[in-house]
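Which chain is which? The protein sequence lines are S and A, in order.
For the first sequence, counting from 1, position 166 maps to 165 in numbering that gives the first Met the number 0; every step adds exactly one.
For the second sequence, counting from 1, position 18 maps to 17 in numbering that gives the first Met the number 0; every step adds exactly one.
We put the CB at the ideal spot given by N, CA and C, even for glycine.
As the structure is a prediction and not an experimental result, all values here were calculated from the model.
To keep things clear, I will list the structure first and then write my remarks on it.
Number of protein chains: 2
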Amino acid sequence: MGKGIAYGVGVGPGDPELMTVKAIRLIRENDVIALPGQEPKETTAYQIAVQMVPELADKELVPVYMPMVHDKKVQQENHEKGAATIASYLDQGKNVVYLTLGDSTVYCTFSYLQHILEAQGYQTELVSGITSFCAAAARVNIPLTEWQEPMHVIPAVHRLNEPLDLPGTYVLMKSGSKMKEVKDLLRQSGKKVSMVENCGMPDEKIYLDVEEIPDESGYFSLIIAKEQ
Amino acid sequence: MGKGIAYGVGVGPGDPELMTVKAIRLIRENDVIALPGQEPKETTAYQIAVQMVPELADKELVPVYMPMVHDKKVQQENHEKGAATIASYLDQGKNVVYLTLGDSTVYCTFSYLQHILEAQGYQTELVSGITSFCAAAARVNIPLTEWQEPMHVIPAVHRLNEPLDLPGTYVLMKSGSKMKEVKDLLRQSGKKVSMVENCGMPDEKIYLDVEEIPDESGYFSLIIAKEQ
């Protein structure tokens, strides 16, 4: 019996209609669905996908719990435990479809699992989803990038310690915890700022000016700073 | 009678299964479909979408021809002509669905039209598609970005005149015409290089090392340069 394939599948940013046909097909065609969290049905990825593919509720839902911890050793152990869980199904010849918010190639927890599984000789595949930054730009109804402007995606704003002075568009992710400092950097940049909190979710909020943005903000805040 | 809405809709990078449910619905529900080119049925966006939505062939297909020209004035005239074509349908109360390769917020020709239509008081909406760089990373089966690495998307490599020395991942688009120079920059960067030509198309080619990349390459070449 051949081994199964581990698929890392993006379900997009929140709106179930932004799922791809391929993501829907892979969920329908496979029985084992892994989800990033302790309680599969409480994960955002599940809650997006089940609206489009109701039969997901009756599949074998496998929790892969990899909490963010500072201790690199504990983190690595969690990744290995997650990979072992997935491998146990692959060894039975079953495919595993790991669902993830947004795209599976952009800051995705599946990457940790993929490195380990590939090193162990398992086959993996990535299926693209709509990224949060593309969706946020569409939601604000502005182009993310135009002409020949470059784009700089900065995922961890707490590490920002330099001005936003490169030409083109900046995308700042996960700014929530340091929003006051980030707002200062944005003001200095002279760029045109938009922010979307919880894009595509029921509690979505849109801000179209840096001065509108509150000093405290949620984790899923996405800032677009464009050249004027 | 109310005016129609102009939708800028990404159909993804090539594989019809990477279209979103929303893109498919908008094509099905609307009669007027605009396509970026002189011959609608010869555009890449059409050829992707018609595989997933065969009834597209029988819709009213509107060519919007905006060739790349160096003369800014001619360019602007072409954009205004394109917007006027679309507006003529909006004025009849019809929506126009403009299909575009990849995502409609990332280096998209719809942006030119959107600026003009918005200024004229028309309503526009953007619908995300899978970007070429996300799809290329999935195709090569590597994460585009991991951990807290930034990502820099450089669309016009012919303007590159500095080393690729920022931390994180570089995405270089449209490198075809200056590939020899680009390869030198990539070698100096010390980054791990992959390239996908015509991602998701029948003539797709993948290169997993800078030395494999030919000095001459197609327009739809996408390079991913990651930290080792």
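Residue i Cβ short of 7 Å to the ligand SAH heavy atom set
i: A/Cys-198; result: The ligand SAH is absent from the structure shown, which contains no ligand whatsoever.
Strand pairing of residue i, partner residues [DSSP]
i: S/Tyr-51; result: Per the sequence presented here, residue 51 of chain S reads as Met, with Tyr not at that position. The partner list for S/Met-51 (beta bridge, DSSP) is empty, contrary to what the question assumes.
i: A/Met-172; result: A/Leu-221
i: S/Lys-190; result: DSSP lists no partner for S/Lys-190.
i: S/Gly-11; result: S/Gly-101
For residue i, three-class secondary structure by DSSP
i: A/Ile-141; result: coil
i: S/Lys-179; result: helix
i: A/Gln-122; result: strand
i: S/Glu-196; result: strand
i: A/Lys-204; result: strand
i: A/Lys-2; result: coil
i: S/Lys-21; result: helix
i: A/Ile-153; result: strand
i: A/Glu-16; result: helix
i: A/Leu-184; result: helix
i: A/Ser-131; result: helix
i: S/Glu-148; result: coil
i: S/Ile-26; result: helix
i: A/Glu-211; result: helix
Of the residues the options, the one placed nearest residue i, counting alpha carbons only
i: A/Ser-193; options: A/Ile-26, A/Gln-113, A/Leu-221; result: A/Leu-221
i: A/Tyr-111; options: A/Tyr-64, A/Leu-60, A/Ala-136; result: A/Tyr-64
i: S/Lys-58; options: S/Leu-17, S/Ile-26, S/Pro-213; result: S/Ile-26
i: S/Asp-214; options: S/Thr-104, S/Gly-36, S/Ser-174, S/Val-68; result: S/Ser-174
i: A/Gln-113; options: S/Asn-140, S/Lys-21, S/Gln-227; result: S/Asn-140
i: A/Cys-198; options: A/Pro-142, A/Tyr-121, A/Met-178, A/Phe-132; result: A/Phe-132
i: A/Asp-164; options: A/Lys-191, A/Cys-107, A/Leu-143, A/Pro-66; result: A/Lys-191
i: A/Tyr-106; options: S/Phe-109, S/Thr-144, S/Ile-115; result: S/Thr-144
i: A/Ile-47; options: A/Pro-66, A/Gly-11, A/Glu-76; result: A/Gly-11
i: S/Asp-30; options: S/Val-20, S/Leu-185, S/Lys-21, S/Glu-54; result: S/Glu-54
i: A/Ala-5; options: A/Lys-225, A/Gly-81, A/Ala-135; result: A/Gly-81
i: S/Ile-205; options: S/Ala-134, S/Val-68, S/Gln-147, S/Tyr-88; result: S/Ala-134
i: A/Glu-180; options: A/Ile-212, A/Ala-44, A/Lys-21, A/Ile-115; result: A/Ile-212
i: S/Gly-1; options: S/Tyr-121, S/Asn-160, S/Ser-216; result: S/Tyr-121
i: A/Lys-40; options: A/Met-178, A/Ala-56, A/Gly-7, A/Leu-185; result: A/Ala-56
i: S/Ala-44; options: S/Leu-98, S/Pro-149, S/Ile-153; result: S/Leu-98
i: A/Asp-102; options: S/Ala-33, S/Ile-32, S/Ser-127, S/Gln-91; result: S/Ser-127
i: S/Thr-108; options: S/Asp-14, S/Pro-142, S/Gly-36, S/Arg-24; result: S/Gly-36
i: S/Ser-188; options: S/Gly-9, S/Gly-13, S/Ile-223; result: S/Ile-223
i: S/Ile-153; options: A/Pro-154, A/Thr-168, A/Pro-142; result: A/Thr-168
i: A/Phe-219; options: A/Lys-225, A/Val-209, A/Ser-176; result: A/Ser-176
i: A/Leu-60; options: A/Met-150, A/Asp-90, A/Val-95, A/Glu-28; result: A/Val-95
i: S/Val-52; options: A/Ile-85, A/Val-52, A/Val-20; result: A/Val-20
i: A/Asp-183; options: A/Asp-202, A/Val-170, A/Glu-161, A/Met-172; result: A/Glu-161
i: S/Ala-22; options: A/Glu-16, A/Ala-83, A/Gly-9, A/Arg-24; result: A/Glu-16
Quiz prompt | chain S contacts made by the region 107 to 133 of chain A, where a contact means CB separation under 9 Å | solution = Of all residues in the region 107 to 133 of chain A, Cys-107, Phe-109, Ser-110, Tyr-111, Gln-113, His-114, Glu-117, Thr-123, Glu-124, Leu-125, Val-126, Ser-127, Gly-128, Ile-129, Thr-130, Phe-132, Cys-133 have a Cβ within less than 9 Å of some Cβ in chain S.
Quiz item: Which runs of the beta strand (DSSP E), 3 residues or longer, sit entirely within the region 29 to 116 of chain S?
Solution: Here the runs fully enclosed are 31 to 35, 59 to 63, 95 to 99.
Quiz item: At a Cβ cut of 9 Å, what residues of the region 52 to 74 of chain A count as close to chain C, listed as they run along the chain?
Solution: Given the protein chain composition of this structure (S and A), no chain C is represented.
Self-check item: Short-range partners of chain A found in the region 140 to 153 of chain S, where Cβ spacing is below 9 Å
Solution: Within the region 140 to 153 of chain S, the residues whose Cβ lies closer than 9 Å to some Cβ of chain A are Asn-140, Ile-141, Pro-142, Leu-143, Thr-144, Glu-145, Trp-146, Gln-147, Glu-148, Pro-149, Met-150, His-151, Val-152, Ile-153, listed in chain order.
Practice problem: Taking a Cβ distance cut-off of 9 Å, strictly less, list which residues of the region 90 to 109 of chain S are near chain A, in chain order. | Solution: So the close ones are Asp-102, Ser-103, Thr-104, Val-105, Tyr-106, Cys-107, Phe-109.
Quiz item: Relative to chain S, which residues along the region 16 to 50 of chain A have a C-beta separation below 8 Å, given in chain order?
Solution: Under the 8 Å Cβ criterion, the region 16 to 50 of chain A contributes Glu-16, Leu-17, Met-18, Thr-19, Val-20, Lys-21, Ile-23, Arg-24.
Exercise. Pull out every residue of the region 74 to 88 of chain S whose Cβ sits closer than 9 Å to any Cβ of chain A, in chain order.
Key: Of all residues in the region 74 to 88 of chain S, none places a beta-carbon less than 9 Å from a beta-carbon of chain A.
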